[in-house]
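To start, the structure under review is shown below, and the notes come after it.
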Amino acid sequence: MYVPPEWPSEVRPPGSPDWESSAVTWLLDAVPPDYRAYGVLRRHPLALARMAHHHVRAEIEAARAGYRGAAVDLKDHLPPHVVEAVLEVYRHEGPRLVSLAESIAVVERALRGERFVERMRPSADP
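So the mapping is simple: this note's numbering equals the position in the sequence shown, first residue as 1, plus 1447.
Take a look at the structure:
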């Protein structure tokens, strides 16, 4: 079965045995540990996916705000090499979070019943 490139390797393809259960396990790793206490999220993977979507989007915005202000906020309290190291953390985390959000989005689409179809890519040959 085809899945888009953003599909997380930890989640079985839609329609395969226990795929929703693998999606729940993976989605729970994307949200705060306290979410595991809510049975409704395990019983309704789509609700969990929606909450994970919002949570990770908020993390992206927080990382962007943190990156924008880190140098100014920390320059008087930390040595320059530490401030640069903090900025480097943000430079790594930002793309990771965006990729995670994209993966959550495709899992959510599958939980809504969407089927993925591989599209032909244009050839580079004239």
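For every residue, glycine included, the Cβ atom is placed at its ideal position computed from N, Cα and C.
Counting along the chain, Tyr-1514 sits inside the alpha helix (DSSP H) bounded by residues 1492 to 1521. The C-beta distance from Pro-1460 to Val-1450 rounds to 5 Å, short enough to meet the 8 Å contact threshold. Annotation for His-1502: Val-1478 place their beta carbon closer than 6 Å to its own, counting only its chain and skipping 5 residues before and after. With contacts defined by Cβ atoms closer than 8 Å, Trp-1473 and Val-1458 form a contacting pair. A direct Cα-Cα distance of roughly 25 Å separates Tyr-1537 from Val-1554.
Contact check between the region 1530 to 1546 and the region 1512 to 1520: three or more CB pairs, one atom from each, fall below 8 Å, which counts as touching. Under the three-pair Cβ rule at 8 Å, the region 1485 to 1499 does not count as touching the region 1517 to 1525. Short of 6 Å from the beta carbon of Ala-1499, and not among the five residues preceding or following it, lie these beta carbons of its own chain, in chain order: Leu-1474, Ala-1477, Val-1478, Ile-1551.
Residue burial is scored here from C-beta neighbours: Glu-1565 has fewer than 16 other C-beta atoms within 10 angstroms and is therefore classed as exposed.
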